[in-house]
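Take the sequence shown: its position 238, counting from 1, is numbered 238 in the UniProt record's numbering, and each next residue is one higher.
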Amino acid sequence: MDNQPPQPRRSSRKRSRPALSDEPSVLPATQKRRRSSYHHISASGRVSTASPKRSSSSQPRPSFGSANDQPCTAEEEEEEETDESEVFRFMDLPAELRVHIYRMALQRAEPLYIHLPQKQTITDDEERYCAPVRRPARAGPCRHRPSRVRLERHDPHAEPIRRPKDSINPALLRTCSLVYKEARQVLYSDNEFVLNLDTGIHSLESLRQRNRSLIKSVALTIPSHHDILDGFADVVRLGLRYCWGLKSLTITLPRSFPDDRHLAGTTNVYANAFHILRWLPKGCRVKMDGIVSESIMRVVADEGRLMDVLDDKEYLKRQHQMPERH
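Written out as structure tokens, the structure reads:
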């Protein structure tokens, strides 16, 4: 017998054959997801899911644009150009034309009435003007409670609200910030404003300080001698004092005030009340209309003379001093 080398024993284990293409491969779930789908994010931020495709020269590569991103046609480009050409850009106009438009919309020859009423609150003294009203009970569990009716006081000396024939268009100020900055100077500086003694302080306080500083002309009426000690003094000291650009103040006295010259001395209470004009900004000219006594005219003229003679420091110092008796 020939001596043959020993042959290795075959293992009883059968090797696992590699999976063919037609057999399903067993992969982890996560790996299956990665192969089964791809997440595509378009330029518009839209997320789409697409199945993987074999790279082949015959098949086009996937585009990275959105499905809505399609090239514009010539007709669409012409429409966009015509739309842009039809847009009127107001800020592209010269400054002179813009100011002219502002004046047509916001400037009037007749004075403008500023009236912002305060919220009415019932005090203890006004309780007698309120009375409960009883209503008959209706059928059913729901009943009306007694309500209170406010009876308004009628002031015969109150100035009627005058409506201008050609009102202004203040909505133009709310167009944009650039229009607001340019137009507000026309509204506040080129118009004369009429104040009411009852609501003048509240109306001026509702404006911002930069807008109050643009007011140059104000007119007000003192209905009776009772208003000169309270309402008129408060409007000047608490309202017009902060209109730093004020140049003209017109005061109208529709009726004559009682004169107290029969008392000892030459002191006139109502004339001395006009010393409150020292709180006006320096450079403001006061014009008196209506029935004005000589004593009031002397006080107003004296205040105007001191406004011209004193410097800024002395004028501000004099505002806190007590007025002299005449």
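Just so you know, even glycine gets a beta-carbon here, dropped at the ideal spot from N, CA and C.
Secondary structure of S206, DSSP reduced to three states: coil
Cβ shell of R212 (< 7 Å), same chain only, five flanking positions each side left out: L204, Y242 and C243
Exposed or buried, R174, counting other C-beta atoms within 10 Å across all chains shown (16 or more means buried)? exposed
Could you check what DSSP says for S189 in three-state terms: helix, strand or coil? helix
Between which residues of its own chain and L229 is the CB-CB distance below 8 Å, once the five residues before and five after are set aside? V269, Y270 and A273
Tell me which residues share the same chain as L310 and place their Cβ nearer than 7 Å to its Cβ, disregarding the 5 neighbours each side in the sequence. R318
One question on the structure: do I215 and G245 come within less than 8 Å of each other, judged by their Cβ atoms? yes
State the beta-bridge partners of T175 as determined by DSSP. None; T175 has no bridge partner.
Cα-Cα, which of W279, L280, C284 and I296 is closest to T252? I296
Indicate the three-state DSSP secondary structure (helix, strand or coil) for R285 in the structure shown. strand
Range covered by the alpha helix (DSSP H) that runs through I296: E294 to V309
To which residues does DSSP link residue 329 through a beta bridge? One cannot answer for residue 329 here, as it falls past the ends of the chain, which runs 1 to 326.
Looking only at its chain, what residues have a beta carbon closer than 7 Å to the beta carbon of N191, apart from the 5 residues adjacent to it on each side? Q107, R108 and L112
Just curious, the alpha helix (DSSP H) that A95 is in, first and last residue? A95 to L106
Cα separation between L178 and V299? 45 Å
V235 beta carbon less than 8 Å from that of L249: no
Between N196 and H115, how many whole angstroms is the CB-CB distance? I'm expecting something under 8 Å. 6 Å
So the candidates are P281, L172, E86 and T73; which of them puts its Cα closest to the Cα of E303? P281
Rounded straight-line distance, which links the Cα of H100 to that of residue 361: Since the first residue of the chain shown is 1 and the last is 326, residue 361 is not available in this structure.
Taking the beta strand (DSSP E) that V236 belongs to, which residues open and close that run? First-last for V236: undefined, no H or E at that position.
Tell me whether S109 sits in a helix, a strand or coil according to DSSP, three-state version. Correcting the residue identity first, residue 109 is Ala in this sequence and not Ser. Coil.
For the beta strand (DSSP E) that A273 lies in, which residues bound it at each end? It is not in any beta strand (DSSP E) - A273 carries neither H nor E in the DSSP assignment.
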